[in-house]
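Since the structure comes first, as structure tokens, the remarks are kept for the end.
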């Protein structure tokens, strides 16, 4: 009986490792968004920070926007429209209270990034994406792109930011 | 009269540019924190993101924690204690509503990073800072380090996180 339990544990561990390796090796990157064909950019998690946001209400999220070198350079130099090759990712996490931090403060006031909710990607290619302001969009949940209906909302939602090349996020000082 | 106004505008612009250049060239980096002698690390704004936090109450801030390559590598590999050379910066901004974002959502729910409040730095040097868990601390407001009394609070405040080498922030998934 003990031996069966041991094998079950080993099997479960092996399954976890397999999933981790698949993620680490970037299998998620192969999935492309409908309409735009945008994939999760390699190495995005190490990119420089553009800014952070908090969404209240139904979202209840903390968010960070990161940019690749082309995007960050454009932000810093105030270049608009963004040059081709600029990529911006927005990471959305559940906003959760931090018991550890609150213990230090002596009251509930600290919230941190909890589990990931989704991530969004904007890729600048003024020719390829001419019909959507030069941007290709993608929305991934757990590495999988949302459906076509979801991706039809991306560009209309970003249109109010037309004056800033359809990008809402400003560079945090 | 017009000419005087013109010169005033030019003079004001020149003054702004001088201040900007001074900041860009890193004059602020020369100021070191009391007790620890920690300065603002060069290029920190381009470092990779560790996580984001929100502080309610009196703070009312959005925050981002960034790390240099040594710190990020240690985070990703779960290395504790952090190796010498690891540097973590915490950027604290005023949390302000985003009119632009809220217009899109049709309600007040989006908050973004506003003006900078202060920034904090932790530098790992296990020998130099042996008396404070191996960390040197600094707290800068507008490029200037706080006084000695303020810096006396750094280590005691971080002591509850002793199990994680005195670092509160966890790496956001």
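Chains as they are written, first to last, in the working numbering: chain A, 7 to 179; chain B, 7 to 179.
No residue lacks a Cβ here, since even glycine has one placed at the ideal position from N, Cα and C.
In this text, all values refer to a predicted model and were calculated from it rather than measured experimentally.
Cβ-Cβ distance between residue i and residue j below 9 Å
i: residue 100 of chain A; j: residue 132 of chain A; result: no
i: residue 72 of chain A; j: residue 55 of chain B; result: yes
i: residue 44 of chain B; j: residue 92 of chain B; result: no
i: residue 119 of chain B; j: residue 70 of chain B; result: yes
i: residue 108 of chain B; j: residue 102 of chain B; result: no
i: residue 171 of chain A; j: residue 86 of chain A; result: yes
i: residue 126 of chain B; j: residue 173 of chain B; result: no
i: residue 47 of chain A; j: residue 106 of chain B; result: no
i: residue 88 of chain A; j: residue 77 of chain A; result: yes
i: residue 110 of chain B; j: residue 67 of chain B; result: no
Counted within 10 angstroms of its Cβ, other Cβ atoms place residue i as buried (16 or more) or exposed
i: residue 136 of chain B; result: exposed
i: residue 75 of chain B; result: exposed
i: residue 82 of chain B; result: exposed
i: residue 159 of chain B; result: exposed
i: residue 175 of chain A; result: buried
i: residue 169 of chain B; result: exposed
i: residue 59 of chain A; result: buried
i: residue 151 of chain B; result: buried
i: residue 84 of chain B; result: exposed
i: residue 139 of chain B; result: buried
i: residue 178 of chain A; result: buried
Residues that residue i contacts on chain B, provided the C-beta gap is smaller than 8 Å
i: residue 86 of chain A; result: Within 8 Å Cβ-Cβ: nothing; residue 86 of chain A doesn't reach chain B, min ~15 Å.
i: residue 163 of chain A; result: 110
i: residue 166 of chain A; result: 106, 109, 110
Those residues which DSSP pairs with residue i across a bridge
i: residue 143 of chain B; result: B:128
i: residue 63 of chain B; result: In DSSP, residue 63 of chain B forms no bridge with anything.
i: residue 170 of chain A; result: Paired residues: none, contrary to the question.
i: residue 70 of chain A; result: A:58, A:97
i: residue 114 of chain A; result: For residue 114 of chain A, which the question treats as bridged, DSSP gives no partner whatsoever.
i: residue 119 of chain B; result: B:101
i: residue 45 of chain A; result: A:38
i: residue 150 of chain A; result: A:147
Partner residues on chain A for residue i, Cβ-Cβ distance less than 9 Å
i: residue 155 of chain B; result: Residues of chain A passing the Cβ test: none, with the nearest at roughly 18 Å.
i: residue 126 of chain B; result: The premise fails here: residue 126 of chain B is roughly 14 Å from chain A at the closest Cβ pair, so nothing lies under 9 Å.
Proximal residues of chain A, C-beta to C-beta of residue i below 7 Å
i: residue 107 of chain B; result: 174
i: residue 122 of chain B; result: 179
i: residue 61 of chain B; result: 115, 116
Interface partners of residue i on chain B, CB under 9 Å
i: residue 146 of chain A; result: Within chain B, no residue comes near residue 146 of chain A; the closest Cβ sits about 14 Å away, beyond 9 Å.
Chain-ordered chain A contacts of residue i [CB-CB under 8 Å]
i: residue 58 of chain B; result: 58, 68, 69, 70, 99, 118, 119
i: residue 78 of chain B; result: 52
i: residue 65 of chain B; result: 115
(Q) Check whether the stretch 143-160 of chain A and the stretch 36-43 of chain A touch, using three or more Cβ-Cβ pairs below 8 Å as the test. (A) These segments touch.
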